[in-house]
Each structure stands twice: as structure tokens, then as C-alpha cells.
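The structure appears right after this line, and notes come after that.
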Amino acid sequence: MNGKFFKWLGVAAVLGVGALAVAALVLVPPRVNVVMGEPEAARGPDPVSAVAADVAGLREDLRALAGGLENGFGGVADVLDGLATDDAKRAVEVRELTSRVEDLQRELVAVRTELAASRVELSNAIAALPPVAGSAPSGGKTAVRPVDGASANPDVASNSTSPAEPAPQQPPPSAADTEAATASASKPEPEPAAPVAAPQESGSKKKGFLSFKLPSDAFAFDQRTRFAVVPTLSRVGFDAKSTLHDFSGVTSRIEGELVACLARPADGASGRITVESRSLDTGLADRDEVMREHLDVAKFPTLVFEWTAFEAESVDAAAQKLRGTAKGKLSIHGVAKDVAMKVDVAVDASKRITIQGQTKLDMKAFGIEPPSQLGLISVEKDVNVWIALVARPVGRADEVKAGESADAQ
Amino acid sequence: MRSEQVACVCVLAATSACIAPSVVASTGRAVAVEERALEWRDATTADVVGFFESERISGEVAASLARVNYVFAADGYYTGAALVLGGEHPEYQTLVGTWRLDGARLVLDDGEPVELAAADERLRISTPDGVLVLRRAALE
């Protein structure tokens, strides 16, 4: 009973609800706006469309980026092309400049060569000028002529013995001497010959040798220079004649300094050379003893030559040689006498000067009695004194002012 | 007495005949330094390493370079000293740097290579300005 009731009640309810709905539909239409579909805005964005739009945007961006990159790389390529072109141009310019510099260097060498030649000519011309009043040596002659390097000094030749004659007094320098002399001897060296430099330009700039900084103006032929005697490469001696046989006395115990401008030797040349008298060696001990007694070496230990003037006979700036007469005061045995000695001066490849000369002296004039044994064996009073000096430049010397040379001589 | 003198002179004359002439020839007055004939060859590292002192300086640099010493070490270090003339006073210049061989040439401090030869404990360095011969020495 109840079951049927509830069934009928349910049906009635459903029908009621349907009736209510129909009634509501009939009654409400003027007031209710029934919307059949959702508006576009209410649905929200379409993800597919959004993704498509994003993809399209990205595509556009990529296209723009690609275009930009293309333009950029194109610009870089243009710049690189431009740089390459510039490099090529610069390479050409560098080649041209290098070529120009080489031309200029050749011209510079030529100019320097001409300058050196001009300086030599100028030096010769100056040397050839007649003495100017107030600056010429008093009574001196300055005849300038080219030096004949092959011709020997006739004075030297006339007083020398045969070259073939043995010379016991001149043993070769000891190893110590050779070692001490860190320079070449006057004879040619087997090493590659260093070029004999043309007269240098004066100046104080430095030049290098194995990273050492050397003064470029240490020596120039036309520059007043101080020279120091190199004892190990120098010798002083005398040749004496006796009734038994002739002999020489030699020593290398020499000190000295000279000041001269070789291109103008008459202008205030000066110097002092000191020789240790005890060191003179004749090769015989007994004879040396007699010689030392006569020289009184205990009282007069040195022989001194004060060089005060030079009379030039010839100056050859190109060959860097000169010849003339050195004048000065020689002190032997406590007696000072004016002497003149013919000398030849030359500059060697090592920029040292060699000075060779000789003169005759009367021993009696210096208060020395010639040795004599039993009145029968005697030494002649006249001896031939000679020098063979090597001196190296040690620095520039002050120039001589006008008139000083005349006063000095 | 007279006969004694004559006898003495005769004896002296006889003895003098045994004494060789002792006059220095005019051509032999200058000091001549004996040059050793050396056979120069390309220098090797073993030739260079050591202490050296100048034996001979020639060429233009000899005017101002009086004495040179070098120490070359095996690790490429070197030091040198030179007595330089030409200024108001002599002065010693010293160097410290590196050395290496470029073939048969010596390079000091990456400078210009210079010709180098060796012979009998000696090194010969040649440049356009001069030639320096160094002799190996012992450090005392």
C-alpha cells in the first residue's frame, strides 16, 4: 500500500515539477533573457590560437633576428674586407717607406763618406796653411807634405845596424807582458781585421760593444787627446859603440802621458816620459853594473823627457800618420838639456799611437864619463838614444787657445 | 907593466870575439807580441761556460775598452765587466743578463748576434767595431 503510494507520489512530484517548469516558462519569458551560447569573452583565450600566435610572433622575431644578423655579418664582412684592403694598402705603404728609408740610408752613408773625405781634405788644408802670427812655433817650420809610408827615416836608417843582426837585448815579451797588454801589437793580427776608421765626428754620444757603453769620441785624429804610454808594448833604449863591440841598453819600465792633436801637432803638443834608469839592460850583468855606476842610478833613478813642442814635417790625416821633430828637455844623471828627436807617429788599427824616433846624445854633456877599462877599452861618448812607444788614448784634452802654442814653443 | 896591459887587452879582445853583437836592430825596436797560430772553430756551449778575461782587444773599440771579464754560466746567466777609458776618468762598467748561442753566434740579452769562435781555451768575439779575444781563466 505504502509502496504504491510512494510511487504515485513520485510520479505526482515529477509531474508537478514539470508542470511548474512549464508554468514558469509560460509566465517568466518576458523577464528572463535566456542565453543559448557563451559569449566570446566569457570563454577566455583559445590556447591553440595563443600558441599559434606566439609561434607566429616568434617566427617574426626570428625572421627579424635573422635579417639583423645577416645585416650584421654583412657589415662585419664589409669591415673585414675593408681592413684587408687597408692592410694591403699599409703593406704597400710600408714597403714604399722601407724602400725610401733604405734609399735615405744609402744617401746618408754617401754623405758621411763625403763628409769624412771633406774632413780629411779640410784637415790637410788647415795643416797646409801658413803659420799665423801669434800661433806659429817660434822659428819653427810647418812644411806639410804627404807622408811616404814606405820610406824609412834616413836618420834612423843611418844609425841602425843590419836588420839581420841578432838582438840579444830584445827577448820577446813575457807571457805576463803579453797577457797584461790586452791589445794588439803593432804587427798585423790573424784575426779578422777591424776596419781602420775614418776620422770620427766629435760628439759625446755613446756607442755599444757587447752591451757595454763606450764613448764614441775616445779618439779622433783631429781632436786634442791625452795618450798614456803602454809600458808592456813600449821600449826605450840606446846604442853605444865601444872599442870591442857595440851594444844596446833597453828597458820597458816606462811611464808617460802625452797630449796632442795629431792633425795639428804643432798646437801645444806636450808630454812627459819617465824611464827607470836602473832597469836598462845591456845583456851583460857586469856591463850593466858599470853602466849603473856611471849613471849613478841610486841618486838619479829616472831619466825624464819633458816634451814641450813638436815641429811637424808632414801630416797625413788620411793615413793617420805624421812625422816631425819632438823637442823638449831631457834629464839624465841630474843634468837637463834641450834635445830634439826626429819621430814618426802613426795610428794603428786599435787606435793606439806608435811613436818611433831617435837622436844622438853626448854622454859628457850630461856629466857622464864614458866607461873605460885600462884606458884602452872604452865606450864612445856619443850614444844613439831611441824610443819605440805605444800609447793609447785615455781621454780628450782641452783645446789650446790661440797663441798658447807659440808661447809653449 | 906594459906587457901586462897588452896581454890583458889581448885576452879581452879574444873574449870579446865570443860575445855576440848586442845592438838592437832599428827595425826590431818596437815590442812584437808573438801571435799564436790558433785554429778557430765554431764555439759550443761547453766552450762558452766559464770565467774569461780579455787577452787581446783590437779594432776601433780598443781605443776605449781596456780590459774585459766575463762569467758565462751553464744556465744562461752571464755577468761581464769592462774597464772603459775615454771619459774624464777610467770607469768599470758591469753587465748582468742572459746569453745563448744562435748557431755559431753569441746572443747577449736578446741583442744582435755576434760572431763567436773558439780555440784552445779561448773565445773570439768579432763585431764590426772590433775583435775581442777572451782567455779562459781560473777564479781565484
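Chains as they are written, first to last, in the numbering used here: chain A, 1362 to 1770; chain B, 31 to 170.
Positions of the beta carbon are idealized from the N, C-alpha and C atoms, including for glycine.
Distance cutoff 8 Å, beta carbons only. Does residue i sit that close to anything in chain A?
i, result
"T109 (chain B)", "no"
"D150 (chain B)", "no"
"L153 (chain B)", "no"
"L138 (chain B)", "yes"
"L178 (chain B)", "Here chain B has residues from 31 to 170 only, and residue 178 (chain B) is not among them."
"A73 (chain B)", "no"
"G160 (chain B)", "yes"
"V53 (chain B)", "yes"
Run through chain B and tell me which residues come within less than 8 Å of residue i, C-beta to C-beta.
i, result
"V1704 (chain A)", "What V1704 (chain A) touches in chain B: nothing, since even the nearest Cβ is about 12 Å away."
"V1755 (chain A)", "L115, G116 and P120"
Which word fits residue i, buried or exposed, when buried means at least 16 other C-beta atoms lie within 10 angstroms of its C-beta?
i, result
"R1753 (chain A)", "buried"
"Q1466 (chain A)", "exposed"
"A1414 (chain A)", "exposed"
"L1388 (chain A)", "exposed"
"A1630 (chain A)", "buried"
"P1532 (chain A)", "Since pLDDT at P1532 (chain A) reaches only 39, below the 50 mark, its modelled position is unreliable, and no value is offered."
"K1450 (chain A)", "exposed"
"E1421 (chain A)", "exposed"
"S1711 (chain A)", "buried"
"E1672 (chain A)", "buried"
"T1446 (chain A)", "exposed"
"E75 (chain B)", "The residue you asked about is not Glu; residue 75 (chain B) is Thr in the sequence shown. Exposed."
"A60 (chain B)", "buried"
"E90 (chain B)", "buried"
"F1367 (chain A)", "exposed"
"V1440 (chain A)", "exposed"
"R1757 (chain A)", "buried"
"N1432 (chain A)", "exposed"
"Y108 (chain B)", "buried"
"V114 (chain B)", "buried"
"V1751 (chain A)", "buried"
"F1588 (chain A)", "buried"
"F1570 (chain A)", "buried"
Alpha helix (DSSP H) containing residue i: first to last residue?
i, result
"E65 (chain B)", "E65 (chain B) -> no alpha helix (DSSP H), and no H or E assigned at all."
"T75 (chain B)", "T75 to V78"
"L1656 (chain A)", "A1646 to L1656"
Quick one: list the residues of chain B neighbouring residue i, beta-carbon separation under 7 Å, in chain order.
i, result
"S1595 (chain A)", "V61"
"A1710 (chain A)", "S88 and G89"
"P1576 (chain A)", "S94, G116 and G117"
Start and end of the beta strand (DSSP E) containing residue i?
i, result
"V91 (chain B)", "No beta strand (DSSP E) contains V91 (chain B), which DSSP labels as neither H nor E."
"A1589 (chain A)", "T1586 to V1590"
"K1698 (chain A)", "V1696 to V1708"
"V53 (chain B)", "Run containing V53 (chain B): none; DSSP gives neither H nor E here."
"V1746 (chain A)", "D1743 to R1757"
"K1688 (chain A)", "K1682 to I1693"
"K1712 (chain A)", "K1712 (chain A) -> no beta strand (DSSP E), and no H or E assigned at all."
"E145 (chain B)", "V144 to A149"
"L164 (chain B)", "G160 to R166"
"T124 (chain B)", "E121 to D132"
"G1359 (chain A)", "The requested residue 1359 (chain A) is not part of the displayed model; chain A covers only 1362 to 1770."
Could you name the residues of chain A that residue i contacts, counting a contact when the two beta carbons are closer than 9 Å?
i, result
"T128 (chain B)", "None at all; the shortest Cβ gap to chain A is about 11 Å."
"L125 (chain B)", "L1571, S1572 and F1573"
"V101 (chain B)", "Simply none; closest approach about 14 Å."
Anything in chain A within Cβ reach of residue i, meaning under 7 Å, just list it in chain order.
i, result
"L131 (chain B)", "In chain order: nothing, as chain A lies at least about 15 Å away."
"T157 (chain B)", "F1570"
"A112 (chain B)", "F1573"
"S141 (chain B)", "Position check: residue 141 (chain B) holds Gly in this sequence, whereas Ser was assumed. Chain A residues near G141 (chain B): S1572."
Just the chain B side, please: which residues come within less than 9 Å of residue i by C-beta, in chain order?
i, result
"F1580 (chain A)", "E90, A93, S94 and G116"
Does the beta carbon of residue i come closer than 8 Å to any beta carbon on chain B?
i, result
"K1682 (chain A)", "no"
"Q1466 (chain A)", "no"
"Q1584 (chain A)", "no"
"T1720 (chain A)", "no"
"T1715 (chain A)", "yes"
For residue i, which residues in chain C fall below 8 Å Cβ to Cβ?
i, result
"A1749 (chain A)", "Absence of chain C from the displayed structure is noted, the protein chains being A and B."
Anything in the segment 1593-1617 of chain A with a Cβ closer than 8 Å to a Cβ of chain B? List those residues in chain order, please. Residues T1593, L1594, S1595, R1596, G1598, D1600, L1605, H1606, D1607, F1608, S1609, V1611 and S1613.
Quick one, which residues of the segment 83-98 of chain B are near chain A if we go by CB-CB under 7 Å, in chain order? Answer set for the segment 83-98 of chain B: S84, E85, R86, I87, S88, G89, E90, V91, A92, A93, S94, L95, A96 and R97.
Along the segment 1615-1644 of chain A, what residues have a CB closer than 8 Å to any CB found in chain B? Listed in sequence order: T1643 and G1644.
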